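Presented below is the structure to which this report refers.
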Amino acid sequence: MEMRKLMNFIHRRIESSKPIGNEQCTKVQGMIIGFLGSHKENDVFQKDIETKFSMRRSTTSTMLKSMEEKGFIERISSEKDARVKKLQLSETGKSMVEEVNSEIQRIEKLLTNGLTEEEMDQFFEIIQKMQQNMSEAQVKAETEDK
Numbered sequence: 001m002e003m004r005k006l007m008n009f010i011h012r013r014i015e016s017s018k019p020i021g022n023e024q025c026t027k028v029q030g031m032i033i034g035f036l037g038s039h040k041e042n043d044v045f046q047k048d049i050e051t052k053f054s055m056r057r058s059t060t061s062t063m064l065k066s067m068e069e070k071g072f073i074e075r076i077s078s079e080k081d082a083r084v085k086k087l088q089l090s091e092t093g094k095s096m097v098e099e100v101n102s103e104i105q106r107i108e109k110l111l112t113n114g115l116t117e118e119e120m121d122q123f124f125e126i127i128q129k130m131q132q133n134m135s136e137a138q139v140k141a142e143t144e145d146k
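Quick note on numbering: the sequence shown equals residues 1 to 146 in UniProt numbering.
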């Protein structure tokens, strides 16, 4: 129950924070913009977004389509395989990266205020175990569905 309360609190806090760039950018889109901004030296594809944010293919596809329509990103055919589209920030998206990163840091600072480095290390160990549990459960469920 406490975990649900914390997750709801974090979600409400993120959603109530000031808009990024303009009000057309959702918080998840902002996180994707931040991710693309921090990986601009590497080729990033839809699959990378799916993996990083634990999103389904259909959800990711819809999200990226919306971001492209809003002018935040561009999809460019890969030189190796034209069916695969590389994701990169548009000029509008690039201009939003600093604001996105600042907002993420502000929320992280709010969450970690008063925690020691040891507590943070323990927290991240526990989170990694929980993520592993969820990944294993998802693989098991997908295997059982087949």
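Every residue, glycine too, gets a C-beta built ideally from N, C-alpha and C.
Note that the coordinates shown come from a computational prediction; the quantities given were computed from them, not determined experimentally.
| Query | Result |
| --- | --- |
| Environment of L87 [buried if 16+ CB atoms lie within 10 Å] | buried |
| Beta-carbon proximity check, K27 vs I10, cutoff 8 angstroms | no |
| T62 versus Q24: straight-line alpha-carbon distance, rounded | 15 angstroms |
| Cβ-Cβ distance between F45 and V97 below 8 angstroms | no |
| Which of helix, strand or coil DSSP assigns to L87 | strand |
| Cα-Cα separation, N133 to I127 | 10 angstroms |
| Cβ-based neighbour list, N113, same chain, cut-off 6 angstroms, excluding 5 preceding and 5 following | none |
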